[in-house]
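Everything below concerns the one structure shown next.
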Amino acid sequence: MSNVQRQLFVFDFDWSLADQDTDRYIFEVNAPDLRRYMKTAKFETQWTDLIAESLRKIHARGITREQIEKTLIDMPFHPAMVRGVSKLKAEGKTTFFCLSNANTVFIDTILKSKGLENLFDQITTNPAEWDESGLLKLRRRVDPNGPQHQCKVGCSPNMCKGEELEAFLAQHGPFDRIVYTGDGSNDFCPILRLRRQDVVCCRSYRGLQTRIAEEGEKEGLEAEVRYWAGAWEAEEIYNTLSI
Ligand SMILES: [Mg+2]
Ligand SMILES: [Zn+2]
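In our numbering, the protein residues as written are 348 to 590.
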């Protein structure tokens, strides 16, 4: 028996809920030369702006909306992840919040293809929309021409995941337990907002694990950290967090 009555599951999307990285995979499949270019261009151009620019380039080459949607639907997404989150959702006591540096179109398209379009209570990410010509227009969540976020632990200018998590909790909290699933260095900021009773489900061998090892103690990380590599192992962890 658990005394957890209200639980929040927070998911990063790329390499966390999904088993690949949308921003990179789209170009690996449709324009590998642009994927190569991104490896160096990312040091000069903010990442979301670079993806927006690259989407304009593939549109100019004639890559269609249908091709991009098919790529998203075909992108690796582990059945064990679908199973794990669907079980918790069906139990009805867990709130689901997606916090991602991808964009609304990539995430909505993939979730719908997996039958998960009703999983999340809220999705916070960069806004995107198709125009009539089939161009996917992408913008930063935090407008570069307006007030900027105040993050001090390294979030990209498009969004501070820690500030977004705080805003979500202020509106929908409190929760007895928060479970944060993430893999990347930009998931380090939000997990610093977690408490002792919360859990980080950290994907092994990626940026978040490195930052936890190097900075976790110094930055006062309080939450328990559990590691997983394949989604079937994340599912095993989720099964222990059923309420
Ligand atoms: Mg990620
Ligand atoms: Zn931040």
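Each residue gets a CB set at the ideal place from its N, CA and C atoms; glycine is no exception. Quick caveat: nothing in here was measured; it's all calculated off a predicted structure.
| task | Hey, could you find the ends of the beta strand (DSSP E) Phe-522 is sitting in? | result | As a working note, residue 522 is residue 175 in the sequence shown. Segment: none, Phe-522 is in no beta strand (DSSP E) and carries neither H nor E.
| Chain-ordered residues, beta carbon under 5 Å from a heavy atom of ligand 2 | Cys-498, Cys-502, Cys-507, Gly-509, Cys-536
| request: Would you list the residues sitting across from Tyr-574 in a DSSP beta bridge? | output: Counted from its first residue, the sequence shown places residue 574 at position 227. DSSP output for Tyr-574 lists Cys-549 as bridge partner(s).
| said: With a threshold of 6 Å (Cβ to nearest heavy atom), would Asp-359 be considered close to ligand 1? | reply: Within the sequence shown, residue 359 is the residue found at index 12, counting from 1. The answer is yes for Asp-359.
| Gly-531 Cβ short of 6 Å to ligand 1 heavy atom set | Along the sequence shown, one-based indexing puts residue 531 at 184. Checking every heavy atom of ligand 1 against the Cβ of Gly-531, one is found closer than 6 Å.
| task | Compute the minimum distance between the beta carbon of Ser-589 and the heavy atoms of ligand 1, and state whether it is under 6 Å. | result | The residue you call residue 589 lines up with position 242 of the sequence shown. The answer is no for Ser-589.
| field | Nearest candidate by alpha-carbon position, reference Asp-530, set Gly-554, Cys-536, Gln-544 | value | What you label residue 530 is simply residue 183 of the sequence shown in a count that begins at 1. Checking every option, the nearest Cα to that of Asp-530 belongs to Gly-554.
| field | Leu-300 to Val-500 span [Cα, whole Å] | value | No answer is possible for residue 300: the residues shown for the chain start at 348 and end at 590.
| message | Can you tell me which residues form a DSSP beta bridge with Phe-467? | response | Your numbering for residue 467 matches position 120 in the sequence shown. For Phe-467, which the question treats as bridged, DSSP gives no partner whatsoever.
| query | To the nearest angstrom, how far is it from the Cα of Tyr-585 to the Cα of Lys-386? | reply | Position 238 of the sequence shown holds residue 585. Position 39 of the sequence shown holds residue 386. Distance between the alpha carbons of Tyr-585 and Lys-386: 34 Å.
| field | Cβ-Cβ distance between Lys-404 and Leu-397 below 7 Å | value | Here residue 404 is taken as the residue at index 57 of the sequence shown, counted from 1. Here residue 397 is taken as the residue at index 50 of the sequence shown, counted from 1. Not a contact, by the Cβ cut-off of 7 Å.
| task | Using three-state DSSP, classify Phe-443 as helix, strand or coil. | result | Taking the sequence shown and counting its residues from 1, one reaches residue 443 at position 96. Reduced to three states, the DSSP call for Phe-443 is strand.
| said: Alpha carbons only, please: which of Asn-492, Thr-451, Tyr-527 is nearest the one belonging to Leu-588? | reply: Taking the first residue of the sequence shown as position 1, residue 588 is located at position 241. Looking at the Cα atoms, Tyr-527 is the closest of the given residues.
| Beta-carbon separation of Val-351 and Ile-590 under 7 Å? | Residue 351 sits at position 4 when you count from the first residue of the sequence shown. Residue 590 sits at position 243 when you count from the first residue of the sequence shown. Contact flag set, yes.
| message | Considering only their Cβ atoms, is the gap separating Ala-437 from Glu-472 smaller than 7 Å? | response | In the sequence shown, residue 472 corresponds to position 125, counting from 1. In the sequence shown, residue 437 corresponds to position 90, counting from 1. Strictly speaking, residue 472 in this sequence is Thr, with Glu absent from that position. Contact flag unset, no.
| task | Write down the C-beta distance between Arg-558 and Ser-532 rounded to the nearest angstrom, noting that I regard them as a contact closer than 8 Å. | result | Counting from one through the sequence shown, the residue named residue 558 turns up at place 211. Counting from one through the sequence shown, the residue named residue 532 turns up at place 185. Right, the Cβ-Cβ distance comes to about 5 Å (below 8 Å), so this counts as a contact.
| field | DSSP state of Gly-529 mapped onto helix, strand, coil | value | Looking up residue 529 in the sequence shown gives position 182. Note: Gly-529 maps to strand in three-state DSSP.
| request: Look up Ser-485 in the DSSP assignment and say whether it is helix, strand or coil. | output: Residue mapping note: residue 485 aligns to position 138 of the sequence shown, counting from 1. In the sequence as displayed, the identity of residue 485 is Leu instead of Ser. The answer is strand: DSSP assigns Leu-485 an E or B state.
| message | I want to know whether the segment 372-385 touches the segment 410-430 - three or more CB-CB distances under 8 Å. | response | At 8 Å Cβ cutoff, the stretches touch.
| Using a Cβ-Cβ cut-off of 8 Å (strictly less than) and excluding sequence neighbours within five positions of Gly-577, which residues of its own chain qualify? | Sequence index remark: in the sequence shown, residue 577 carries index 230 (1-based). Around Gly-577, the same chain offers His-425, Ala-427 as residues with beta carbons nearer than 8 Å, after the five sequence neighbours per side are excluded.
| query | Regarding Trp-575 and ligand 4, is the C-beta to nearest heavy atom distance less than 6 Å? | reply | Questions concerning ligand 4 fall outside what the structure shown contains, since the ligands it does hold are ligand 1 and ligand 2.
| field | Heavy atom of ligand 1 within 6 Å of Trp-394 beta-carbon | value | To locate residue 394, count along the sequence shown from 1; it is residue 47. Because no heavy atom of ligand 1 lies under 6 Å away, the Cβ of Trp-394 does not count as near it: no.
| said: Tell me the DSSP secondary structure of Glu-476 in three-state form. | reply: Mapped onto the sequence shown, residue 476 falls at position 129. Looking at Glu-476 - three-state DSSP - the assignment turns out to be strand.
| field | Asp-366 vs Pro-423 beta-carbon contact at 7 Å | value | Translated into positions along the sequence shown, residue 366 becomes position 19. Translated into positions along the sequence shown, residue 423 becomes position 76. For Asp-366 and Pro-423, yes; Cβs fall inside 7 Å.
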